[in-house]
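To start, the structure itself, in C-alpha cells.
Residue numbers (this note's numbering), protein chains in the order written: chain W, 1 to 283; chain A, 284 to 638.
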C-alpha cells in the first residue's frame with residue numbers, strides 16, 4: 001500500500017486528523033464547561049472549533065473521495081474501504097449540518113465523534129483496493145438508495161449521541177458534563193430523531209427495492225443486507241410503538257436507541273463479513 | 284367489540300413484528316426453501332392487527348397522516364400477498380434469430396392465481412455484446428432485440444443489466460448466463476433435413492468446457508466441442524461479440540473425430556451432419572408481478588403519511604435549544620434567540636414535546 005498507488009490516502013489521513021481534532025475538542029468542551037447560572041455547557045469558542053474541525057475534515061475527505069473517483073472512474077459504492085470512507089464523509093457532513101443548525105445537540109459530539117471514529121480507525125486498517133463498478137450500479141435509484149441511507153444512518157447516530165448523553169450522565173466521571181440538561185427532554189429529542197430515522201430508513205428500503213427490481217429482476221430476495229436492514233426497520237418500528245404505548249424509562253429508551261444504532265451499524269458494515277457480496281448481483 | 288380491540292392492540296403488533304423478524308431471519312438467503320407460512324402468518328396477523336387498529340383507534344382514523352400511513356402499510360401487506368399469488372418467474376435461453384415461445388421457458392415458478400399472458404409475448408433475439416475488463420470483470424451487456432411496434436412491424440431495442448425489456452407486464456432481464464451455439468443441420472439418408480442449435484455452456488464462465496452432446500434419431504450420441512477464437516483477454520479489456528468470434532466444431536462419435544468449419548458436413552451413421560454456422564445465445568430471467576407499481580405507490584404513501592403526521596405534530600415545536608436547557612430561565616451558549624425581546628424562552632413553555 002503506497003501513496004503513489006493510492007493518492008487519495010494522504011487526504012483521507014488529513015481528514016481523519018481533523019475529525020480527531022473535533023473529537024478532542026468536544027471532550028475538552030464538556031470537561032471544561034462554562035457555568036452559566038444552573039447550567040453548564042461547552043464555550044461558544046469551543047463549539048466553533050469543533051464545528052470548524054468537522055468542516056475541515058469533510059473538505060479533506062471530499063478531496064480524498066474526488067481523487068479516488070477520478071482515478072477509478074466511479075463513486076465509492078463497491079468495496080468496504082469505499083463504504084467506510086464514504087460514510088465518514090456523509091456522517092461528518094450531515095452531523096455538521098445538525099450541529100450547526102441545532103445548537104442544543106452540540107454536547108452529543110462527545111458520543112457522536114467517537115462513534116464516527118470507530119469507522120475512522122477501521123478504515124486505517126483496510127487495504128484501499130481498487131474496485132470494479134458493476135454494470136447494475138449504473139442506475140439513478142442507486143443514488144437515491146445511498147443518499148437516503150446516509151441520512152438515515154446519520155440521524156440514527158444523532159439519536160445515539162443523545163441516548164449516549166442520557167447514559168453517560170449517570171456515570172460518576174461524566175456527571176458534571178451535562179449539568180442543566182433535562183433527561184426527559186433529551187429523551188424526547190432522541191426519539192424525535194428516531195422518527196426521522198424511520199422515515200429515511202423506509203425511503204432507503206423503497207429506493208433500494210426499486211433499484212433491485214431494475215438491477216437484478218427482484219425487489220426483495222432476503223440477501224444479507226436486505227434481511228439485516230429489514231430487521232433494523234422492524235426494530236425501529238417496534239421501538240417507536242413501545243415508546244408511544246408504554247412509559248419507557250429514559251435509560252431503557254437510550255439503551256434501545258443504541259441497540260438499534262448497533263443493528264444499523266452491523267447492517268451497513270457487517271454484511272461484507274457474512275456475505276460474499278453486499279448485494280446479490282454485484283459479481 | 285372487545286375482540287376487535289384485542290385484535291387492534293399494540294401488544295399484538297409487537298408479537299407480529301417479532302414473528303415477522305423470526306420469519307425474516309429464517310428466510311435469509313434461503314427464501315425458496317422456506318415454507319410460505321413462515322412469512323405469511325406474521326404478515327396476515329399484522330394485516331389483521333392494522334385493519335382493526337384503523338377501525339378502533341380514533342387517534343388513527345381521525346388523523347389523516349396516521350391514517351394514510353397505516354393504510355399504506357396495510358396496502359403493502361395485501362399487495363405483497365397478491366404479488367406472491369400471481370407472480371411468475373422463469374428462465375429462457377434465446378438463440379440469435381429465435382422467436383420467443385412460452386415453451387422455451389424453463390425453471391418456471393408461479394403463484395396459484397397467475398393470470399399473465401406469456402403466450403402473447405413476441406420478440407426476436409438479435410446479436411449481443413458484453414464488455415469485460417481485466418480478470419473477467421463483466422461490464423455492460425447490450426442485447427439487441429426486435430419487438431413488435433405499433434404499425435405491426437418490428438422495432439429494435441437494446442436491453443441489458445438494469446434495463447429490462449417489458450412486454451405484456453413480463454420483464455425480461457439479461458443474465459450472466461450467455462454463450463455460443465452451433466447451428467447444425469441433420470440430413471438423414473431418408474426424410475427431411477432438420478436444423479437446430481446446440482447451446483454450449485455459458486461463456487466465458489465455462490470457457491474451458493465448450494462442449495455438449497446430441498443424439499440424432501436412430502443414431503448414436505455425438506459429442507461436440509467448440510474450439511473458439513474470441514477476443515478473450517484475461518488481463519485486458521475486451522468485448523465478447525458473436526460477430527467477431529469464430530470457431531471450429533470438433534465432432535466426436537466415439538470412433539471418429541472431425542473438425543468442421545462453418546458450412547462443412549460430416550457423414551455419419553444414418554445421415555450427414557452439417558455445421559451451418561456459429562451463433563450466440565442469451566439467457567434471460569423472466570419476472571412478472573402485477574403489484575409492483577401498487578407496492579411502490581403504497582409504500583410512498585405510507586412514508587408521506589408518516590411525514591405529514593409528524594410535520595403537523597412538530598412543526599410548531601422546532602428543535603430549539605431551550606428544549607434541552609429548559610428548566611432555567613437561561614439560554615445555552617452559542618444560541619441566538621429570535622424572540623421579540625431577544626430573550627431566552629421559558630422552559631415550561633417549551634417543555635411539552637411529545638413523541
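Just so it is clear, CB atoms sit at the ideal spot from N, CA and C, and this is done for glycine as well.
Treat the numbers as computed from the prediction; the structure is a model and nothing was measured.
Are residue i and residue j close, meaning C-beta to C-beta below 9 Å?
i                      : j                      : result
residue 273 of chain A : residue 414 of chain A : Residue 273 of chain A lies beyond the stretch modelled for chain A, which goes from 284 to 638, so this question has no answer here.
residue 400 of chain A : residue 451 of chain A : yes
residue 480 of chain A : residue 466 of chain A : yes
residue 120 of chain W : residue 268 of chain W : no
residue 404 of chain A : residue 453 of chain A : yes
residue 570 of chain A : residue 217 of chain W : yes
residue 544 of chain A : residue 531 of chain A : yes
residue 65 of chain W  : residue 89 of chain W  : yes
residue 291 of chain A : residue 339 of chain A : yes
residue 54 of chain W  : residue 104 of chain W : no
residue 556 of chain A : residue 469 of chain A : yes
residue 367 of chain A : residue 319 of chain A : yes
residue 552 of chain A : residue 474 of chain A : no
residue 362 of chain A : residue 578 of chain A : yes
Label residue i either buried or exposed according to how many other C-beta atoms from any shown protein chain fall within 10 Å of its C-beta, with 16 as the threshold for buried.
i                      : result
residue 250 of chain W : buried
residue 493 of chain A : buried
residue 567 of chain A : buried
residue 518 of chain A : exposed
residue 118 of chain W : exposed
residue 424 of chain A : buried
residue 542 of chain A : exposed
residue 390 of chain A : exposed
residue 491 of chain A : exposed
residue 146 of chain W : buried
residue 432 of chain A : exposed
residue 140 of chain W : exposed
residue 316 of chain A : exposed
Which whole-angstrom value is the C-beta distance of residue i and residue j, which I expect to be below 8 Å?
i                      : j                      : result
residue 156 of chain W : residue 112 of chain W : No, residue 156 of chain W and residue 112 of chain W are not in contact; Cβ-Cβ is about 11 Å, not under 8 Å.
residue 297 of chain A : residue 242 of chain W : 7 Å
residue 463 of chain A : residue 483 of chain A : 5 Å
residue 293 of chain A : residue 245 of chain W : 4 Å
residue 393 of chain A : residue 374 of chain A : Going by Cβ atoms, the distance from residue 393 of chain A to residue 374 of chain A rounds to 13 Å, so no, they are not a contact pair.
residue 554 of chain A : residue 471 of chain A : 4 Å
residue 93 of chain W  : residue 58 of chain W  : 5 Å
residue 348 of chain A : residue 322 of chain A : Contact flag wrong, Cβ pair sits at about 28 Å.
residue 583 of chain A : residue 195 of chain W : Incorrect: roughly 17 Å between the Cβ atoms, too far for contact.
residue 72 of chain W  : residue 131 of chain W : 7 Å
residue 108 of chain W : residue 158 of chain W : 6 Å
residue 42 of chain W  : residue 106 of chain W : 7 Å
residue 136 of chain W : residue 402 of chain A : Incorrect: roughly 30 Å between the Cβ atoms, too far for contact.
Quick one: grab the DSSP three-state call for residue i.
i                      : result
residue 511 of chain A : strand
residue 568 of chain A : strand
residue 709 of chain A : Chain A is shown from 284 up to 638; residue 709 of chain A falls before or after that span and cannot be answered.
residue 102 of chain W : coil
residue 42 of chain W  : coil
residue 218 of chain W : coil
residue 310 of chain A : helix
residue 522 of chain A : strand
residue 460 of chain A : strand
residue 471 of chain A : strand
residue 247 of chain W : coil
residue 445 of chain A : coil
residue 340 of chain A : coil
residue 596 of chain A : helix
residue 425 of chain A : strand
With 9 Å as the threshold, decide whether the Cβ of residue i is near any Cβ in chain B.
i                      : result
residue 139 of chain W : In the structure shown, chain B does not exist; the protein chains are W and A.
* **Interface residues of the segment 217-232 of chain W facing chain A [CB-CB below 8 Å]** => 217, 218, 219, 221, 222, 223, 224, 227, 230, 231
* **Positions along the segment 106-137 of chain W whose CB lies within less than 9 Å of some CB in chain A** => 106, 107, 132, 133, 134, 135, 136, 137
* Residues of the segment 561-584 of chain A with a CB closer than 7 Å to any CB of chain W: list them in chain order, please. => 568, 570, 575, 579, 582, 583
* For the segment 442-475 of chain A, which residues have a CB atom closer than 8 Å to at least one CB atom of chain W, in sequence order? -> 443, 444, 445, 446, 447, 454, 456
* Asked: What residues from the segment 233-256 of chain W come within 8 Å of chain A, judged by C-beta to C-beta, listed N to C?
  -> 234, 235, 237, 238, 240, 241, 242, 243, 244, 245
* To do: Give, in chain order, every residue of the segment 311-331 of chain A whose Cβ lies closer than 8 Å to some Cβ of chain W.
  => 311, 312, 313, 314
* Selection of the segment 419-432 of chain A by Cβ proximity to chain W, strictly under 8 Å -> 420, 421, 422, 423, 424
* **Contact list for the segment 163-179 of chain W against chain A, Cβ threshold 8 Å** => Answer set for the segment 163-179 of chain W: empty.
* To do: Taking a Cβ distance cut-off of 8 Å, strictly less, list which residues of the segment 70-83 of chain W are near chain A, in chain order.
  => So the list is empty, because no residue satisfies the distance condition.
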